[in-house]
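A.B. asks: Have a look at this one before I ask anything.
In our numbering, the protein residues as written are 20 to 389.
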């Protein structure tokens, strides 16, 4: 194992922020795993620690067949953001920006540099595109903020990966994942191993999140140069490991073994691993996800659990105004998987309370919430 420590620019006077990358194995293929880009989403960080222990063992046993880079703490900025004992890790306090939005879009500058050099050899195109992605990131001017410096550093490590896992969680949720629809056949085994409730699939959710910044450039380049052989060479996903409180030892160990079993399938790890479970969740279009909101202020009482299948019209939660005795029941507008609930129990209009993933598209435009 090799530990690589990067010092972030823009640290405060007298302080220093570091990003630590743990690199295991060797070979031409690479998997990249990071945890807690939203720094208060800790199931991924706990799972990453289990991965560290197991990867050390597997490397000692000579069972690693490629490079696996692991970043257990992907956001040292947000890890330090505590206000009156509350950890606020989703948005940078100084700018208000979401840590997992607005990553650099690589396809346009890459196309400008190499469009006339792409050919019919997919392996040569992959090498050329990855080298150019790295050059584009290295040639950018000095970052104007520590947030952008962090973004560039994370993307620089992941842009040449064959497999990229970005470990997150939701407030109260079933395990679920986000990915390109073209990649869903390859993600099915990981979803089955994790007993995920649903996969949400789209080509562009509208937020330039980390996983899409890794996978979507390949799709865009393939569409821009249809005569060239350009595979979708970075299999990337945002993997939501359940709820914010899902940091039990057994949960982290189960997540770890599921991820390792998947990586073994992908050729990164040798040895014997459990077979893929026969049962797997469905992959739904992200355009089919319904966000449900409270129509007025009040206390929320949820009537269903995350992970349940609900029918259109089923009651999902009540909102009670204790001063004016107004009680409203909010019902599902679509049939599907109730995959996430808000953690707050006092709400107001404009704050989502529940998310239902359905089979039929009902939205367009920007799909991802802030």
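Quick reminder that beta carbons are idealized off the backbone N, C-alpha and C, glycines included.
Looking at C-alpha atoms only, which residue of 343, 169 and 90 is the closest neighbour of residue 23?
C.D. replies: Comparing Cα-Cα distances from residue 23 to each of 343, 169 and 90, the minimum goes to 90.
A.B. asks: Return the residue from the list 219, 36, 320 and 254 that minimises the CA-CA distance to residue 166.
C.D. replies: It is 36.
A.B. asks: Going straight from the alpha carbon of residue 151 to that of residue 136, what length do you get?
C.D. replies: Taking the straight line from one Cα to the other gives about 11 angstroms.
A.B. asks: Any idea if residue 230 is buried or exposed, counting beta-carbon neighbours within 10 angstroms, 16 or more meaning buried?
C.D. replies: Buried: at least 16 other Cβ atoms inside 10 Å.
A.B. asks: Can you tell me the Cα-Cα spacing of residue 144 and residue 87, whole angstroms?
C.D. replies: Rounded to the nearest angstrom, the two C-alpha atoms are 22 angstroms apart.
A.B. asks: Go to residue 288, then tell me how far its beta strand (DSSP E) extends in each direction, as first and last residue.
C.D. replies: Taken as a continuous stretch (DSSP letters only), residue 288 belongs to no beta strand (DSSP E), as it is neither H nor E.
A.B. asks: Just to confirm my understanding: we take residue 47, look at its own chain, exclude 5 residues before and 5 after, and list those with CB closer than 8 angstroms. What are they?
C.D. replies: Within the same chain, residue 47 has close Cβ partners 85.
A.B. asks: Could you check what DSSP says for residue 116 in three-state terms: helix, strand or coil?
C.D. replies: Residue 116 falls in the coil class under three-state DSSP.
A.B. asks: Here's a check: name, in chain order, each residue in its chain whose Cβ is nearer than 6 angstroms to the Cβ of residue 234, leaving out the five neighbours to either side.
C.D. replies: Excluding residues within five positions, the ones whose Cβ falls inside 6 angstroms are 199, 253 and 255.
A.B. asks: Does the region 47–61 come close enough to the region 173–191 that 3 or more CB-CB pairs lie under 8 angstroms?
C.D. replies: Touching, yes, given that three or more Cβ pairs across the two stretches are closer than 8 angstroms.
A.B. asks: Determine, using beta carbons only, whether residue 325 and residue 228 come nearer to each other than 9 angstroms.
C.D. replies: It is not a contact, given that the beta carbons lie outside the stated cut-off.
A.B. asks: Among the candidates 353, 312, 328 and 387, whose CA atom is the shortest distance from the CA of residue 368?
C.D. replies: Checked all of 353, 312, 328 and 387; the closest Cα to residue 368 is 312.
A.B. asks: Among 108, 221 and 374, which one has its Cα closest to the Cα of residue 385?
C.D. replies: Among 108, 221 and 374, the Cα nearest to that of residue 385 belongs to 221.
A.B. asks: In three-state DSSP terms, what is residue 13?
C.D. replies: The question about residue 13 has no answer, for the chain in this structure spans 20 to 389.
A.B. asks: Since residue 259 and residue 192 are thought to touch, with beta carbons under 8 angstroms apart, how far apart are those beta carbons, to the nearest angstrom?
C.D. replies: Between residue 192 and residue 259 the Cβ distance is about 6 angstroms, and since that is below 8 angstroms, they are a contact.
A.B. asks: As a quick exercise: from 319, 356, 62 and 354, pick the residue whose alpha carbon is nearest that of residue 345.
C.D. replies: Of 319, 356, 62 and 354, the residue nearest in Cα terms is 319.
A.B. asks: Tell me which residue opens and which closes the alpha helix (DSSP H) that residue 92 is part of.
C.D. replies: Looking at the DSSP string, residue 92 is not in any alpha helix (DSSP H), and its letter there is neither H nor E.
A.B. asks: Using CA coordinates, which residue listed in 92, 339 and 219 is at the minimum distance from residue 61?
C.D. replies: The candidate whose alpha carbon is nearest that of residue 61 is 92.
A.B. asks: Could you give the residue range of the alpha helix (DSSP H) that holds residue 156?
C.D. replies: From DSSP, the alpha helix (DSSP H) with residue 156 extends over 141–158.
A.B. asks: Kindly indicate which residue of 305, 361, 82 and 278 has the alpha-carbon position closest to the one of residue 208.
C.D. replies: Answer by Cα proximity: 278.
A.B. asks: Opposite residue 304 in the DSSP bridges: which residues?
C.D. replies: Beta-bridge pairing links residue 304 to 220.
A.B. asks: To the nearest angstrom, how far is it from the Cα of residue 301 to the Cα of residue 184?
C.D. replies: Rounded to the nearest angstrom, the two C-alpha atoms are 19 angstroms apart.
A.B. asks: Are the beta-carbon atoms of residue 196 and residue 67 separated by less than 9 angstroms?
C.D. replies: No.
A.B. asks: Please tell me whether residue 355 and residue 303 are closer than 9 angstroms, where the distance is taken between their beta carbons.
C.D. replies: Going by C-beta atoms, residue 355 is nearer than 9 angstroms to residue 303.
A.B. asks: Where do the ends of the beta strand (DSSP E) carrying residue 345 lie?
C.D. replies: Element bounds for residue 345: 345–350.
A.B. asks: Hey, quick one: how far does the alpha helix (DSSP H) through residue 129 stretch, first residue to last?
C.D. replies: Run containing residue 129: 126–133, per the alpha helix (DSSP H) assignment.
A.B. asks: Looking at chain C, is there any beta carbon in it that lies within less than 9 angstroms of the beta carbon of residue 189?
C.D. replies: Annotation note: the requested chain C is absent from the structure, which comprises a single protein chain.
A.B. asks: By Cβ distance below 6 angstroms, which residues in the same chain neighbour residue 339 in space, the five residues on each side in sequence not counted?
C.D. replies: Closer than 6 angstroms at Cβ, skipping near neighbours: 317, 318 and 346.
A.B. asks: Quick one: residues in its chain with C-beta nearer than 6 angstroms to the C-beta of residue 349, no 5 flanking neighbours on either side, listed in chain order?
C.D. replies: Taken in chain order, the residues that qualify are 311, 335 and 336.
A.B. asks: Are the CB atoms of residue 244 and residue 134 nearer to each other than 9 angstroms?
C.D. replies: Cβ atoms of residue 244 and residue 134: closer than 9 angstroms.
A.B. asks: According to the Cβ coordinates, are residue 175 and residue 153 closer than 9 angstroms?
C.D. replies: Contact flag set, yes.
A.B. asks: Among the residues of its own chain, which have a CB less than 8 angstroms from the CB of residue 106, if the five just before and after it don't count?
C.D. replies: The residues are 58, 59 and 100.
A.B. asks: Taking just the CA atoms, how far does residue 264 sit from residue 383?
C.D. replies: Straight-line Cα distance between these residues: approximately 32 angstroms.
A.B. asks: Let's test the definition: count the other Cβ atoms within 10 Å of the Cβ of residue 328 and tell me whether it reaches 16, buried, or not, exposed.
C.D. replies: So residue 328 ends up on the exposed side.
A.B. asks: Curious, which full-length alpha helix (DSSP H) runs of at least 4 residues does the region 162–208 contain?
C.D. replies: The region 162–208 contains these whole alpha helix (DSSP H) runs: 165–177.
A.B. asks: Between which two residues does the alpha helix (DSSP H) carrying residue 73 extend?
C.D. replies: Note, residue 73: alpha helix (DSSP H), 62–79.
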